[in-house]
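> Taken in order, the sequence shown gives residues 252 to 456; the numbers are from the numbering used here. Quick one: the structure is below, questions incoming.
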Amino acid sequence: MEQEFSSTLLENAVTSLSRLPGVGRKTALRFALHLLRRPAEEANTIGQAIIDMRNGIRYCRLCHNISEEELCPICASPRRQPSTVCVVENVKDVMIIENTGQYFGLYHVLGGLISPVDGIGPDMLEIASLAARVAEGGIDEVILATGATVEADTTNFYIYRMLSRTAPDLKITQLARGVSVGNELEYTDEATLARSIAGRTPFEI
């Protein structure tokens, strides 16, 4: 039976919090009651931080990582290797790979994976912009680091076919299979992921 609230304001807060991934109504209620017990300034700070993030963050025009400027700090850094581009599914994967400390090139965030079952086709992802980056020149290697799921394999195959036709001399590699089949990068420990990056292999169909 759904919880009944004595306050419409509390109910609205719980409903809003429960929209977050992994947060059910019980957890949302616990969060809301915790904030009620804290000083008003604390709740206001949290709320303002979320508003500032939502309004202030945009996406890097080159790699589509989150950024506060036109170029993200990674793309703008002169210490990165621009000739190597690591293709990932989402922004969280960039953070995960960066935490390994084993990769020093640039990234390209697709914004998802090809999934016909879910109605997600290549034109809905940042695949065309990846092809455009390669066509501009200066990229020697593209690393396909989209995980080891069926959707990831489908996406990798599509990208490989496309880039092989337009840039036949391009080196296309994939993470070594230290990443278990069926795993997303999010659930791979950093040591395993670091070894997978260092031991990446040529992409094979």
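The beta carbon of each residue, even a glycine, is placed where N, CA and C say it ideally should be.
One question on the structure: do Gln332 and Gly352 come within less than 8 Å of each other, judged by their Cβ atoms?
no
> Among Leu364, Gly307, Phe454, Glu349, which residue has its Cα nearest to the Cα of Tyr358?
Glu349
> For the alpha helix (DSSP H) containing Gln299, name the first residue and the last one.
291-307
> Please classify Ser334: does DSSP put it in a helix, a strand, or coil?
In the structure shown, Ser334 falls within a strand segment according to DSSP collapsed to helix, strand and coil.
> What residues are listed by DSSP as bridge partners for His359?
For His359, DSSP records a beta bridge to Val338.
> Mind checking who Tyr310 pairs with in its DSSP beta bridge?
Ile317.
> Please state the DSSP three-state secondary structure of Ile325.
helix
> Which word fits Thr296, buried or exposed, when buried means at least 16 other C-beta atoms lie within 10 angstroms of its C-beta?
Under the 10 Å beta carbon count, Thr296 is surrounded by fewer than 16 other beta carbons and is classified as exposed.
> Tell me the DSSP secondary structure of Ile371 in three-state form.
strand
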